[in-house]
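So the sequence shown is residues -22 to -1, 1 to 301, counted in mature numbering (1 follows the signal peptide of the UniProt record, and there is no 0).
Accompanying notes for the structure given below.
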Amino acid sequence: MRFAAVTALAIVLALLATPCFAADVGFEEIRIANGTESPLTVGIWYPADAPATEHASGDPASKVVGNGLALIVMSHGGGGAYDSHHDTAIALARAGFVAAAVNHAGDTFDDQSHVLELWRRPIQLHRLIDYMLTEWAGREHLDRARIGAFGFSNGGFTVLVAAGGVPNLSEIAPYCRAHPDHDLCQALQHAGVDPGVSANVPGDAWVSDSRIEAAVVAAPAFGFTFGRAGLKNVRIPIQLWRAADDRHQPDPFYDEAVRANLPQPPEFHVVAGAGHYDFLPPCSARLMRTMPAICASAPGFDRAAFHERFNAEVVRFFQAKLR
């Protein structure tokens, strides 16, 4: 299945062109257990006493600074990778958080074999939290009671499930019958994927994690599959973001469907002039030329300036809610 293959390639090239470390932020890439499947690849950013090395692996290459640090787990969009939001992870680490992001096996740039098996993702996020609290070399620096989650697009869906949401994926097929011109439905049709296959959900599919105390959700995919009943148990503080000109996830079926059905009103941000991919970091000049569909923002929209504001708001939210 090659669903979202163009998006995946673009994100990979963007990440290769952009450093994932900073002078005051440590970084390491590790592998963690994933049940009977191959290990998951994870990137971890943390406050450090020395610059990180580009190829850090295994034990932290520089010492973790601080104690009682809050942990933020991060979930990327479809066809992405753990460093799809590296600028946000760096901003969090600079503010004194530990940010850990997982490659969602089956829905990454190099493996789209389980794209519509969305229930796989929350389990992987759960395993990431388990690892960070019990096995990570820097775990003694963490406060186990201060855990947040960040997710974009498919990652936003993942975080809502981890926060207690229960979607009804059987809603995808009728949605596409009613809106065959929408991006999701066009992509499924182009890939030869029957939307009805997403309804074959295991009975114990949706894994929530009560350790998550607050969440940032940007442009959540499949928002229309939750409804009020599906979100009734999402009781933690939510910061919800919508790109006003999101043509991939058109209003009101995604972000608005989540906002309207959460039992407690979220902190809601609508970004004027932004498109779906403006939640990804700015692209290099080379990538802007080769992948304009992912990199180009609407005329007059400054993605770099937006990310400065976006990252600051994410940091502020977690600082306020994870005390």
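Every residue gets a Cβ at the ideal spot worked out from N, C-alpha and C, and that includes glycine.
Residue i burial status per 10 Å Cβ neighbour count (16 or more: buried)
i	result
H168	exposed
K299	buried
N289	buried
residue 305	As shown, the chain starts at -22 and ends at 301. That puts residue 305 outside it, with no answer to give.
A59	buried
L242	It should be noted that the sequence gives Gln, not Leu, for residue 242. By the neighbour-count rule (16 or more Cβ atoms within 10 Å), Q242 is not buried but exposed.
D61	buried
T112	exposed
S275	buried
D224	buried
T14	exposed
residue 322	Residue numbering for the chain in the displayed model covers -22 to 301; residue 322 lies beyond these limits and cannot be assessed.
S16	exposed
A123	exposed
A250	exposed
D256	buried
D280	exposed
Span of the alpha helix (DSSP H) around residue i
i	result
D65	H64 to R72
V293	R281 to K299
T268	A263 to T268
Y109	R98 to T112
I150	I150 to A156
V144	Counting along the chain, V144 falls outside any alpha helix (DSSP H), and DSSP gives it neither H nor E.
H160	Careful: H160 lies outside any alpha helix (DSSP H) and carries neither H nor E.
G181	Taken as a continuous stretch (DSSP letters only), G181 belongs to no alpha helix (DSSP H), as it is neither H nor E.
A238	D233 to N239
A207	G205 to L209
Pairwise C-alpha distance: residue j and residue i
i	j	result
A11	L18	6 Å
R105	A197	24 Å
L149	D121	Going by the sequence as given, residue 149 is Glu instead of Leu. If I take the Cα positions, the gap works out to 39 Å.
M52	R9	15 Å
L96	T136	8 Å
A71	H92	31 Å
V236	A26	37 Å
F204	P228	16 Å
E234	F200	11 Å
R264	P270	10 Å
N239	A73	32 Å
R301	W114	22 Å
P173	A165	10 Å
Y232	P158	16 Å
A221	G44	35 Å
S188	A140	8 Å
A83	N132	13 Å
D89	N81	10 Å
G170	V179	20 Å
I190	D2	26 Å
A207	Y24	37 Å
P215	R155	34 Å
F5	I22	6 Å
H54	G129	6 Å
V248	A77	25 Å
N- and C-terminal bounds of the beta strand (DSSP E) containing residue i
i	result
A77	V76 to V80
G126	L120 to F130
Q90	From DSSP, Q90 is part of no beta strand (DSSP E); its letter is neither H nor E.
R9	V3 to N12
V51	L47 to S53
V195	A192 to A196
Residues bridged to residue i (per DSSP)
i	result
H247	W219
E15	N12
A26	V42
G133	Answer is none; G133 lacks a bridge partner.
D20	Correcting the residue identity first, residue 20 is Val in this sequence and not Asp. Per DSSP, I8 and V80.
T86	G58 and D89
Closer than 7 Å: residue i CB and nearest the ligand NAP heavy atom
i	result
D224	Here there are no bound small molecules, and the ligand NAP is not part of this structure.
Distance between beta carbons of residue j and residue i, contact taken as under 8 Å
i	j	result
A127	A193	5 Å
F296	I50	6 Å
D161	H226	4 Å
L138	V195	6 Å
P253	L209	A small correction: the amino acid at residue 253 is Gly; Pro does not occupy that position in the sequence shown. Rounded, the Cβ-Cβ distance is 25 Å, inconsistent with contact.
A79	V20	7 Å
A48	I107	That pair is no contact at about 12 Å.
residue 320	R117	Since the first residue shown for the chain is -22 and the last is 301, residue 320 is missing from the structure and cannot be characterised.
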